[in-house]
Amino acid sequence: MKDDEGVRFLQWALPKLRLQWAGFRKVRRQVYKRIDRRVKELGFAEVGRYRSYLEAHPEEWPALDALCWISITRFYRDKGVFRFLEEEVLERLARMAIARGERELRCWSMGCASGEEAYTLAILWRLALAPQVPSVRLTIVATDVDQRAIERARSGCYPGSSIKDLPAEWRAKAFSPTIDGFCVKPEYREPVTFVVQDIREWAPEGPFHLILCRNLAFTYFDDELQREMLSKLAGRLVSGGALVIGNTESLPEGGSELEPWSARLGTYRKP
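Numbering-wise, numbering that gives the first Met the number 0 puts 145 at position 146 of the sequence shown, and it's gapless, one number per residue.
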């Protein structure tokens, strides 16, 4: 698919999925390759025929939607964010929970892809923070729309390139080496529950002390859906809870009750 053809097609299709073209500029060529494969599977010579097919077959739209999601993830991605969680956010949230008589710190990793973010949080908690607040148990709900990504996450096994950014001590303690790479040890998997979920249609009830929604809703969703998502996420945070978005993202203007904790690191707090 030529770039101009792809641009025209995505600019036509994405709004119908409540997605915005601006969020897909950098990953568009990866999306093109996926769409090209689907076009060939259906026996079409070019993407214009696929557009006509979509107009006549509404049941095809979920298939196109699935082709649009490109996961770019690894353990400890954006080190500064995880250092801020370790040094500032998580202990404060845990102390807050204890003061309220709670013994569980509930987190939601949204758009978790193949699980690297959720497992990073579990490893960070067990090795850096749990000794300081032993009475608090961390639980993580990790969700993604991609069934195959969730299956990979549940397997908990990754190539060495995926874990290279983790501190060496954490790698040694949290992973078992295998022929093909490394697998997360059971004690670091235990806090995490993986669920297939489309946030546009359903979300876990919560409430949560921490929500990670990085490089998803506030990059790819259209403006109206972003505002809806922000309201939904804020409503699932406890008072004093934290929302973390991507470093390059910003919250939609108006209607947000959240206050910056570290806007530079995409971290906000509910009053």
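For every residue, glycine included, the Cβ atom is placed at its ideal position computed from N, Cα and C.
If we require 4 or more residues per run, which alpha helix (DSSP H) segments fall completely within the region 53–83? 60–66, 78–83
Tell me whether the region 213–228 and the region 52–62 touch, counting them as touching only if at least three CB pairs, one residue from each stretch, are closer than 8 Å. no
Relative to the C-alpha of T72, which residue among V194, R50, S108, R94 is closest? The sequence position of residue 72 within the sequence shown is 73, counting from 1. Minimum Cα distance to T72 is reached at S108.
Are there 16 or more other CB atoms within 10 angstroms of the CB of Q146, so buried, or fewer, so exposed? Position 147 of the sequence shown, counted from the first residue, corresponds to residue 146. Its Cβ having fewer than 16 others within 10 Å, Q146 is exposed.
Between R50 and the rest of its own chain, which residues show a CB-CB distance below 6 Å, the 5 nearest in sequence each way excluded? The residue labelled residue 50 in the question sits at position 51 within the sequence shown. Nothing meets the Cβ criterion.
Is the distance from the Cβ of L229 to the Cβ of L236 below 8 Å? As a first step, residue 229 must be located in the sequence shown, where it is residue number 230. As a first step, residue 236 must be located in the sequence shown, where it is residue number 237. Going by C-beta atoms, L229 is not nearer than 8 Å to L236.
Applying the criterion that 16 or more other CB atoms from any shown protein chain within 10 Å of the CB defines a buried residue, is I272 buried or exposed? Since the first residue of the chain shown is 0 and the last is 270, residue 272 is not available in this structure.
How long is the line joining the alpha carbons of C111 and A44, rounded to whole angstroms? Residue 111 sits at position 112 when you count from the first residue of the sequence shown. Residue 44 sits at position 45 when you count from the first residue of the sequence shown. One C-alpha to the other measures close to 35 Å.
Could you check whether the region 202–212 touches the region 168–185, counting it as contact only if at least three pairs of C-beta atoms, one from each stretch, sit closer than 8 Å? Fewer than three pairs of CB atoms, one per stretch, sit closer than 8 Å, so the region 202–212 makes no contact with the region 168–185.
Please return the same chain residues whose Cβ sits closer than 7 Å to the Cβ of W20, not counting the five positions on each side in sequence. Within the sequence shown, the letter at position 21 stands for residue 20. L9, Q10, L13.
Alpha carbon to alpha carbon, what distance is there between L264 and S238? The sequence position of residue 238 within the sequence shown is 239, counting from 1. The sequence position of residue 264 within the sequence shown is 265, counting from 1. Distance between the alpha carbons of S238 and L264 is about 20 Å.
Near A233, which residues of its chain fall below 8 Å by C-beta distance, leaving aside the five closest residues on each side in sequence? To locate residue 233, count along the sequence shown from 1; it is residue 234. Answer for A233: L242, S255, E256, L257, K269, listed in chain order.
Output the boundary residues of the alpha helix (DSSP H) element that contains L236. As a first step, residue 236 must be located in the sequence shown, where it is residue number 237. Taken as a continuous stretch (DSSP letters only), L236 belongs to no alpha helix (DSSP H), being part of the beta strand (DSSP E) at 236–244.
Alpha carbon to alpha carbon, what distance is there between I162 and I122? Mapped onto the sequence shown, residue 122 falls at position 123. Mapped onto the sequence shown, residue 162 falls at position 163. Looking at the two C-alpha atoms, the distance is approximately 12 Å.
Should R125 be labelled buried (16 or more other beta-carbon atoms within 10 Å of its own) or exposed? In the sequence shown, residue 125 corresponds to position 126, counting from 1. With 16 or more Cβ atoms within 10 Å of its Cβ, R125 is classed as buried.
Keeping to the same chain, check which residues put their C-beta closer than 7 Å to that of P259; ignore five residues upstream and five downstream. One-based indexing of the sequence shown puts residue 259 at position 260. Y267, listed in sequence order.
On the three-state DSSP scale, how would you describe E258? Within the sequence shown, the letter at position 259 stands for residue 258. Strand.
Please work out which residues of its chain come closer than 7 Å, Cβ to Cβ, to Q225, disregarding the five sequence neighbours upstream and downstream, and give them in chain order. As a position in the sequence shown, residue 225 is number 226, starting the count at 1. Scanning its chain for C-beta atoms nearer than 7 Å, with the 5 sequence neighbours on each side dropped, one finds around Q225 the residues A216, F217, P251, in chain order.
Less than 8 Å between the beta carbons of A96 and L89, yes or no? Against the sequence shown, residue 96 aligns to sequence position 97. Against the sequence shown, residue 89 aligns to sequence position 90. No; because the gap between Cβ atoms is not below 8 Å, this pair is not in contact.
Candidates R33, R7, K15, A127, of which the one nearest K172 by Cα: Here residue 172 is taken as the residue at index 173 of the sequence shown, counted from 1. K172 has its Cα closest to that of A127, out of R33, R7, K15, A127.
From P130 to D221, what distance separates their C-alpha atoms? Position 131 of the sequence shown, counted from the start, is the residue given in the question as residue 130. Position 222 of the sequence shown, counted from the start, is the residue given in the question as residue 221. Using only the alpha carbons, I get a separation of about 42 Å.
Report the partner residues of S175 according to the DSSP bridge assignment. On the sequence shown, residue 175 is found 176 positions in, with the first residue counted as 1. DSSP, once it has assigned bridges, lists C182 as partnering S175.
Determine whether the beta carbon atoms of R153 and F193 lie at a separation below 8 Å. Position 154 of the sequence shown, counting from 1, holds the residue named residue 153. Position 194 of the sequence shown, counting from 1, holds the residue named residue 193. It is a contact, given that the beta carbons lie within the stated cut-off.
Outcome for G155 when other beta-carbon atoms lying within 10 angstroms are tallied against a minimum of 16: Working through the sequence shown from its first residue, we reach residue 155 at position 156. Under this definition G155 is a buried residue.
Uninterrupted beta strand (DSSP E) stretches inside the region 98–160 (no shorter than 3 residues): 103–109, 136–143
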